[in-house]
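Protein chains in written order, with the numbering used here: chain A, 5 to 102; chain B, 5 to 102. Worksheet: the structure to be examined is printed underneath.
2 protein chains.
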Amino acid sequence: MVVPSELEVAMESLMFTFHKFAGDKNYLTKEDLHRLMDSQFGEFLRNQNDPMAVDKIMKDLDQCRDNKVNFHSFFSLIAGLSIACNDYYTKHMKPKKH
Amino acid sequence: MVVPSELEVAMESLMFTFHKFAGDKNYLTKEDLHRLMDSQFGEFLRNQNDPMAVDKIMKDLDQCRDNKVNFHSFFSLIAGLSIACNDYYTKHMKPKKH
């Protein structure tokens, strides 16, 4: 039996979480994105202290203004958040070589 | 205590796996990438049936030819693989609405 690696498990989790909120569709509406953000990034949202935060994120992701966020656009949101977290981690948390 | 969400756990796993192979550095060398691919995408690599597969991936990721793959470039690899997996999943596996 092939045991999935950490990266495979993480990628699978990203994919299935997207589909959990997309339902039968292959995209997220603004309402789906709201539910996903509340459920998955509740603390991040609270820290934004901006009731329009999800609307702004939706505007960034919904480039063709059809109220649909496909998996590719969703992944750019994950990339942006991950790169920001990594920047913070490497500057403030990662042990430095002496 | 705040319990991390599925997406937060997945994003953290992507970040720490990158740093596991980067070591003290904040980038992967070609050798690091080889070890990461072998360990994390062994089956994917075997299916490529191409001993130069990692070298080609490295060439794609190492845009400035300095033998360094930073987190941003690494994430584009993860994005490419995830989007390919999602395309396959939506076409061949996701239950269709009747």
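Beta carbons: idealized from backbone N, C-alpha and C, even for Gly.
In the DSSP annotation of this structure, S9(A) is not part of any alpha helix (DSSP H), being labelled neither H nor E. Between D42(B) and chain A, the shortest Cβ-Cβ separation is not below 8 Å. By the neighbour-count criterion, in which a residue is buried when 16 or more other Cβ atoms sit within 10 angstroms of its Cβ, N90(B) is buried. Selection Q44(B), V73(B), S77(B), A83(B) evaluated against K34(B) yields V73(B) as nearest (Cα-Cα). When 9 Å is used as the limit between beta carbons, V13(B) is near these residues of chain A: A14, S17, in chain order. Spanning the alpha carbons of L11(A) and M56(A) requires a straight line of approximately 33 Å. In the three-state DSSP reduction, N74(A) falls in the strand class (E or B). Exclusion of the five residues before and after P8(B) leaves E16 as the residues of its chain whose Cβ lies within less than 8 Å of its Cβ. At a C-beta separation below 7 Å, F75(B) has these neighbours in chain A: I87, N90. Contact between F75(A) and I87(B) holds: their C-beta atoms lie close to 6 Å from each other, under 8 Å. Cβ atoms of L81(B) and I61(B) come within 8 Å of each other, at about 7 Å.
For E47(A), the C-beta contacts it makes with chain B under 8 Å involve V6, in order along the chain. The beta carbon of D36(B) does not come within 8 Å of any beta carbon belonging to chain A, so the residue lies off that interface.
Separation of P99(B) and D28(A) (C-alpha to C-alpha, rounded to the nearest whole angstrom) is 8 Å.
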